[in-house]
Amino acid sequence: MTATTSPISKAATTAAPLHPLLAERWSPRALDARHDLTADQLNALLEAARWAPSASNTQPWRFAVALRGSAEYAAVLDGLAPGNRAWAHAASALIVAAAETVGPDGAARPWAVYDTGQAVAHLTVQAQHEGLAVHQLGGFDRDRVAALLAAPGEVTPLVVLAVGRRDDTAQLAEPFASRETAARDRLPLNRLLLPMQPAPAESAAA
Ligand SMILES: Cc1cc2nc3c(=O)[nH]c(=O)nc-3n(C[C@H](O)[C@H](O)[C@H](O)COP(=O)(O)O)c2cc1C
114 MTATTSPISK
124 AATTAAPLHP
134 LLAERWSPRA
144 LDARHDLTAD
154 QLNALLEAAR
164 WAPSASNTQP
174 WRFAVALRGS
184 AEYAAVLDGL
194 APGNRAWAHA
204 ASALIVAAAE
214 TVGPDGAARP
224 WAVYDTGQAV
234 AHLTVQAQHE
244 GLAVHQLGGF
254 DRDRVAALLA
264 APGEVTPLVV
274 LAVGRRDDTA
284 QLAEPFASRE
294 TAARDRLPLN
304 RLLLPMQPAP
314 AESAAA
């Protein structure tokens with residue numbers, strides 16, 4: 114077991130000045146098992162998600178909130194992949210983020226997953242503002258977690274959000290301790306850019 118002994122900053126090294134809420138957000142695993150989420154904090158996170166944009170304002174995101182200590186929390190934790198369960202038990206809340214992929218009228222919602230990711234992005238930035246951390250987890254048993262949701266209609270769980278307060282003194286086993294202090298990296302900006310096909314002659318002339 115390795116302890117993280119001093120506060121660490123994992124702020125991004127950015128190619129342009131970014132808002133600190135964006136540059137300083139990251140996904141920690143060392144969480145404070147004594148921290149409880151307040152009702153105000155939880156409301157702020159969900160409210161941030163609520164105001165995300167979505168296709169035709171369909172707002173297909175759904176959230177199931179389990180607070181540490183509850184039976185629901187234990188059930189979500191049990192559904193996580195072992196490598197996530199190993200540290201996510203210290204989260205103040207485990208929130209299942211799901212997408213309603215078919216509307217009440219039976220119409221498919223092709224952007225539901227996209228929209229839900231966008232709502233979660235809003236939530237993560239608000240969490241940063243609240244002094245909280247969010248670690249998104251795709252590693253969980255989908256059928257098991259879906260069975261926990263009392264959801265009408267076509268609701269697909271996409272990620273579990275481990276929400277809490279980072280704790281520099283929390284004990285993490287390897288390989289999680291090393292990952293906690295590892296540098297963050299991203300593709301260079303130019304790798305994100307796609308060249309475009311030359312415009313057809315007639316529209317180029319127009
Ligand atoms: C959809 C999604 C699924 C993820 N699944 C996991 C996971 O199962 N376990 C984990 O430790 N981290 C998971 N992550 C966290 C990513 O590994 C992390 O966001 C990425 O490495 C970038 O690091 P940063 O968030 O600290 O910038 C997931 C993130 C996303 C967005």
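Heads up: the sequence shown begins at 114 in our numbering, then just goes up one per residue. We treat Cβ as the ideally placed atom computed from N, Cα and C, and that holds for glycine. All values derive from a computational prediction rather than experimental measurement.
Span of the alpha helix (DSSP H) around residue i
i	result
leucine 134	133–136
histidine 242	225–242
glutamine 310	No alpha helix (DSSP H) contains glutamine 310, which DSSP labels as neither H nor E.
leucine 159	152–163
leucine 190	184–192
arginine 222	Neither: arginine 222 is in no alpha helix (DSSP H) and is coded neither H nor E.
alanine 290	289–294
alanine 259	255–259
aspartate 200	According to the sequence provided, residue 200 is tryptophan. The question's aspartate does not apply to it. Note, tryptophan 200: alpha helix (DSSP H), 195–201.
Delimiting residues of the beta strand (DSSP E) encompassing residue i
i	result
phenylalanine 176	174–180
glycine 277	268–277
alanine 124	No beta strand (DSSP E) holds alanine 124; DSSP gives it neither H nor E.
alanine 206	206–213
alanine 246	246–250
Neighbourhood of residue i by C-beta, 6 Å cutoff - its chain only, sequence neighbours within 5 removed
i	result
alanine 259	Pro270
arginine 181	Ser205
alanine 203	Leu144 and Ala146
alanine 240	Leu158 and Val247
leucine 302	Ala128
alanine 165	Gln231, Ala232 and His235
Close-in-space but distant-in-sequence residues of the same chain around residue i (CB under 7 Å, 5 per side omitted)
i	result
valine 215	Ala221, Arg222, Gly266 and Glu267
glutamate 293	Thr117, Pro141, Arg142, Ala143 and Leu285
proline 133	none
lysine 123	Trp139 and Arg297
Cβ distance (whole Å) where residue i is taken to contact residue j below 8 Å
i	j	result
valine 276	leucine 158	7 Å
valine 238	leucine 131	No, valine 238 and leucine 131 are not in contact; Cβ-Cβ is about 11 Å, not under 8 Å.
alanine 210	leucine 274	6 Å
alanine 162	leucine 236	4 Å
aspartate 228	proline 173	5 Å
Sequence-distant residues of the same chain with beta carbon closer than 8 Å to residue i, five excluded per side
i	result
alanine 314	none
glutamate 185	Ala177, Ala179 and Leu261
glycine 244	Arg278
Do three or more CB pairs link the region 254–262 to the region 188–206 at distances below 8 Å?
yes
Report yes or no: do three or more beta-carbon pairs, one from the region 167–174 and one from the region 218–235, lie closer than 8 Å?
yes
Does the region 152–162 come close enough to the region 293–309 to have 3 or more Cβ pairs within less than 8 Å?
no
Closer than 8 Å is the cut-off here; do at least three beta carbon pairs connect the region 125–143 with the region 273–285?
yes
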